[in-house]
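So for the sequence shown, the working numbering puts the first residue at 474; every next one is plus one.
Where is the CB? At the ideal position from N, CA and C, for every residue including glycine.
It should be emphasised that the depicted structure is a prediction, and the values quoted were computed from it without experimental measurement.
Have a look at the structure below before the remarks.
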Amino acid sequence: MKVTLINPGKSQRFAVHEPLNLGFIASYLEKNNVEVKIVDELAGQNVEEELEKFHPDVAGITATTALAPDAYRVASLCKKMGFLTVMGGVHASIFPDEAMKYVDIVVKGEGEAAMLDIINKKIKSGLVTAPYIKNIDDIPPPSRHLLQMDFYLRSKDRVPYIIYFAFVPPRTKVASLLTSRGCPYLCIFCHNTWRGTPCRFHSAGRVISEIAYLKEKYDVKAVYFVEDNFFLNKKRVHEICEQMIQKRFNLIWGGSTRVDNIDMETLEMAKAAGCRLINFGFESGSQRILDLLKKGINVEDSKRAIEMCNRAGIMANGSFIIGNPTETMDDIEQTRKFIRENKITLPGIYISTPYPGTGLWKMAREQGLIPGNVNWADFAQERVTANLSKIPKEKIEKLRAQLYLEYFIRHPRMAIKLLLMSLQYPKAPAEKILKTLAPLTEIFNARTIKKIAGGILTVSRVYVKALLFKLGLFVKPYNITWFITWRCNLLCNYCDIGRQNQDELKRQELTLEEIRAAVLQLKKIGAKYITFAGGEPLLREDLFDVIKFCKENNLVVGIVTNGVAINETIAEKLASSGVDHIHVSLDSPDDTQDEIRAMKGAFKKVDAGLRMLAKYKGAAGFHLGIGSVISRYNYNKLEKLFEYALDTGLDSVAPQPFFSYQMRDKKMLEKFVLSGSEITELEAELKRISEKYPRLLRNSNFFIKNIPEYFRNPKMPGTMCFAGGLTLIIFPEGNVGVCYPLHQGVAGNVRETEIGGIIKSEKFRQLVRKVRNKECATCWCAPVHEYNLFFKPREIIKSLRMLKTALTGK
């Protein structure tokens, strides 16, 4: 009889531990004269090829919840090839009826004896319920000769799971050991609770003999005990440690346990035996959440465990769960404070996931949060699958990133260690290095890391351009603002565009083909960013085609919209267009918006549009922010605007002063421009916002500080304008200029001259000289003045200090 045991996981990025569950089943079958082969997709093996070579009588597949789709795919293949197909594992045990759709037999429970029964009794179909094995020493050690040990022993392949292997020096051979089964605790988030099996332990002698085998056979220098609570049986731990010391194994090791299962004596013995790391399940810094999770510990237990490990010289890693049932921002803040104030070597931050068979699953089902067509691949603790908390879904995922970022800012050595661990493999392909770097936040994927690296490179280039421009040289613009249409669906009090003949404005616009030609010209001069504005850009039916074309040419694309046209269809199209930034104009989160925009219900429409976009932004990956023009209408409502942005799950708010050039009717100016005590009030409001919402504030501290000064004296505040140097404006009819206030100053038209030729023309250079000499309108636009930050060290330091305070609380 021939049996193939399969570890599915083609969709999984990384493998953590050897599939010891299959190793144990294999050793049990081999002991009973069954020929066995293990095929491991996580280690890169091809299931179909291996099945064709071995051609087994029985194919056994293990299924965890997150990898259930992979397991079902493999099962379908096995049945198609004509093999008797068996499935076991936690997911199949909980959902045998679901698994039975793909296989002949489902094993519920521990698989060793069950698989042998299937073979000996020639069972062909149905559910096999396996009793737990009382003496697990009766099961031989896992058949490691059938596992891809060369793959798993290379510590570099485990770098993405640095929380388990942070204690392992580079290029160290490290193996995993499973030395017990069962758990006596009833935490509502853990899938172990469905089993209801008692704790059983391999004897100390059995553990020592297995370690000796690993050292002799594979020259292992480190081991990790993969069970959830290695230190549960302290007597056994003492025996294992004593024998490791006596036999002079001289290897290092790590394991996991609860904070209430250690004491100083045990830790000191473990350290003497080579223990370098313990992973704890801290879960939360909020006692309320710990009680709700039925963890059975208190926050002081966790602090004491960390302190004891630090005294013993053992790394104290730990896992935290956010997005728990009824969890609030106050609970999250307590967790953030716990991580900040305790000496944790490395935290693992996960999102509450209602795994089948757990108490969380029951809660989620009762609240109708589990859909009928569940995608099991989503159950990966990296994203929200069912939100039981009181925090918006998108915000939970963002909080996870923030907690990691805060940790690495405070612990740069660990960040550097991860970087060095990737650089020790200079011949590894770029993809592997990116995967290796991924644990820096455990959520930053290759795309994100590429963005970070690209951002650093871009900033460096921009700095050089800004320096050259400041020295009086002409440089090619890289940041383009493109007014793609003058048409508008509003009649704002401070703007005349919506009152013009809309049909005539449409006739003047560039065609889609003309726009595409101009995009290629911009790419040719080295432009990187394009922001489409108006008017209202969403009035152009071909806007999504334009965005798609820009993305195909590797440009970063943003749009500025008043938001009233955004409905579910538009939101979906924007999300799928590839747009990088969406900037919605919102001056006040109430009826004041209606008054400024001269449209009843304007705020309700913008609010609905923002909430639709916020729903998509997490998956689509775009930045969603709002821009607010500060005027007499809203200068005392800015804090309310920031609160709204936070509650709605937006990424940023960019306030800017009202510019007089925006209004042609000068009699209306007094309704908008601040004076006297209003400016003083605004100053205090902006200071509060800078301190309270530094993460949301898009503009720099330098810019915000000078907004009140602009109202006192509307001119550029002694800084240089970079219009025409780093920025460029294109108008709907194809005219090219240096900035909007100088819209009468046109250097050329893309219908007549290529952009590369326009920016080299004397006319364009004359406009740039006007900007340098400050002969233009009295304005102060953020996009063309923020580059002054490169040359204001004090402002940079101040902004960095604000950022550090926001991230670390210190």
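query: Bounding residues of the beta strand (DSSP E) (the contiguous stretch that carries C748); result: C748 to E756
query: As assigned by DSSP and simplified to three states, the class of H1096; result: strand
query: CB-CB length for K510 against P529, believed under 8 Å; result: 7 Å
query: Proximity of A1071 and L963 at Cβ, strictly below 8 Å; result: yes
query: Inter-residue spacing [alpha-carbon to alpha-carbon] between L1199 and K997; result: 15 Å
query: Option nearest F568 by Cα separation, candidates T831, N790, Q807 and V680; result: T831
query: C-beta atoms of T1042 and L1083 nearer than 8 Å; result: no
query: Residue from M836, Y605 and T645 whose Cα sits closest to the Cα of S825; result: M836
query: Distance, F755 Cα to V772 Cα; result: 8 Å
query: Any 3 or more C-beta pairs closer than 8 Å across the segment 999-1006 and the segment 1153-1168; result: no
query: C-alpha distance - V1033 paired with F947, whole-angstrom precision; result: 28 Å
query: L985 - containing alpha helix (DSSP H), residue span; result: L985 to K997
query: Same chain, Cβ closer than 7 Å to I779, neighbours up to 5 away in sequence not counted; result: A789, N815, K816 and I817
query: At least three beta-carbon pairs within less than 8 Å, the segment 607-617 to the segment 489-498; result: yes
query: Chain B contact for F556 (CB, 8 Å cutoff); result: Annotation note: the requested chain B is absent from the structure, which comprises a single protein chain.
query: Endpoints, the alpha helix (DSSP H) within which M717 is located; result: K707 to Q719
query: Nearest candidate by alpha-carbon position, reference R546, set D570, F527 and K574; result: K574
query: Beta carbon of E508 nearer than 8 Å to that of K475; result: yes
query: Start-to-end residues for the beta strand (DSSP E) that takes in F793; result: M788 to I795
query: First through last residue of the alpha helix (DSSP H) which encompasses I592; result: G584 to N593
query: Proximity of V732 and I770 at Cβ, strictly below 8 Å; result: yes
query: Contact set for T921: own chain, Cβ-Cβ below 6 Å, skip 5 residues either direction; result: At T921 the pLDDT is 49, less than 50, meaning the model places this residue with poor confidence; the figure from the coordinates comes in the next sentence. Answer for T921: no residue qualifies.
query: CA-to-CA distance, A1038 to D804, given in whole angstroms; result: 38 Å
query: Segment limits, beta strand (DSSP E) that includes P1128; result: S1125 to P1130
query: Candidates N593, N1107 and V641, of which the one nearest L724 by Cα; result: V641
query: Residues near V579 by beta carbon distance below 6 Å, same chain, minus five either side; result: M560, A565, P569, A572, M573 and L600
query: C-alpha gap between I843 and K863, whole angstroms; result: 17 Å
query: Run of the alpha helix (DSSP H) containing Y575, from where it starts to where it stops; result: Counting along the chain, Y575 falls outside any alpha helix (DSSP H), and DSSP gives it neither H nor E.
query: Rounded C-alpha distance that separates E1314 from R1161; result: With the chain covering 474 to 1283 only, the question about residue 1314 has no answer from this structure.
query: Chain-order list of residues whose beta-carbon lies under 6 Å from that of L1201 (same chain, five-residue window excluded); result: P950 and I953
query: Supposed contact pair L993 and N1026 - C-beta distance, whole angstroms, cut 8 Å; result: 7 Å
query: Stretch pair the segment 794-802 + the segment 867-887: three plus CB contacts closer than 8 Å; result: yes
query: Residue of G1100, V699, N974 and F1131 minimising C-alpha distance to L650; result: V699
query: 8 Å Cβ shell around N783 - same chain, five flanking residues per side excluded; result: A789 and K816
query: Cα-Cα separation, V710 to G655; result: 17 Å
query: Cβ distance (whole Å) where S1050 is taken to contact I1099 below 8 Å; result: Wrong, their Cβ atoms sit about 19 Å apart, outside the cutoff.
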